[in-house]
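First comes the structure, then the notes that go with it.
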Amino acid sequence: MSINMDGTADRYDALLSSGARRLTGYQRRLFQAEVATELCGGSARLAERRFGWGRDTVEKGLHESRHGVRCLENFAARGRRRSEDKDPRLAADIRAIVEPQSYADPELQSSRRYTNLSAAEVRDALIAKGHPKTELPSERTIRDILNRMNYRLKRIQKGKPLKKTEETDAIFAHVKEVREQARNDPEVLEISMDTKAKVSLGDYVRGGKNPNRR
0 MSINMDGTAD RYDALLSSGA RRLTGYQRRL FQAEVATELC GGSARLAERR
50 FGWGRDTVEK GLHESRHGVR CLENFAARGR RRSEDKDPRL AADIRAIVEP
100 QSYADPELQS SRRYTNLSAA EVRDALIAKG HPKTELPSER TIRDILNRMN
150 YRLKRIQKGK PLKKTEETDA IFAHVKEVRE QARNDPEVLE ISMDTKAKVS
200 LGDYVRGGKN PNRR
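When the letters of the sequence shown are read in order and numbered with numbering that gives the first Met the number 0, they come out as residues 0 to 213.
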């Protein structure tokens, strides 16, 4: 292409570069290969110098154009690698810390596991295991790693004692009275039992069949 005094060639080159930026993957490489073939004599080095395109990309496009093949893109390999992928020991240590204090889904509807450890506690435990504090992921990243490892952070609530009903004192007073009577009767055998079974009261006793109702 001849270079005119009014800069027409530069405008054309800029236009071609802009068109390439609007394409992606195989389509961009094919376009760059066509431009390199027509305007740069098939030279990837010249296309790089003239249009600012990556030489390796142009060469790949020329190869695809000549042989009629398409190289598959590996988009999954791009970007930053996850912390647990870069350091397999990190994932193993996290699992060793969390697993003993985790439990399965109570309803068995999923394979996820719940733990009562916080991300900050897991990070502190990793430091105690010898991981340098400055090289460890942040607390938020630790939480993301736990989620990817199928752990869910959930505090395990301890069982709360049942509230004492109004009849409790009367019941125990009656039990005490009966026990005193039984101890004075040599014909009565006393059996002591301790139970934590819940006792329903009111209209919902025995599924609504209250024996006191007539």
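Where a beta carbon is used, it is the ideal one built from N, C-alpha and C, also for glycine.
Within the DSSP secondary-structure output, Y25 pairs in no beta bridge. Approximately 18 Å separates the beta-carbon atoms of A119 and E98; this is outside 8 Å, ruling out the contact. Going by beta carbons, E63 and A43 fall outside the 8 Å limit. Ranked by Cα distance from V68, the options L29, L45, T133, E37 are led by L29.
About 7 Å separates the CB atoms of A90 and M148; that is less than 8 Å, so the two are in contact. For L116, there is no enclosing alpha helix (DSSP H), since its DSSP letter is neither H nor E. Comparing alpha-carbon positions, the option among G40, R111, S191, I144 lying closest to K85 turns out to be I144. Cβ atoms of D9 and F50 stay farther apart than 8 Å, at about 11 Å. If you look at S101, you'll find it in the beta strand (DSSP E) that goes 101 to 103. Cβ atoms of L22 and V34 stay farther apart than 8 Å, at about 11 Å. DSSP places L61 within a helical segment (H, G or I) once states are collapsed to three. Within its own chain, the residues whose Cβ lies closer than 8 Å to the Cβ of G53, once the five positions on either side in sequence are excluded, are E47, listed in chain order. A172 and R112 have their C-alpha atoms some 46 Å from each other. In the structure shown, the three-state DSSP call for L188 is coil.
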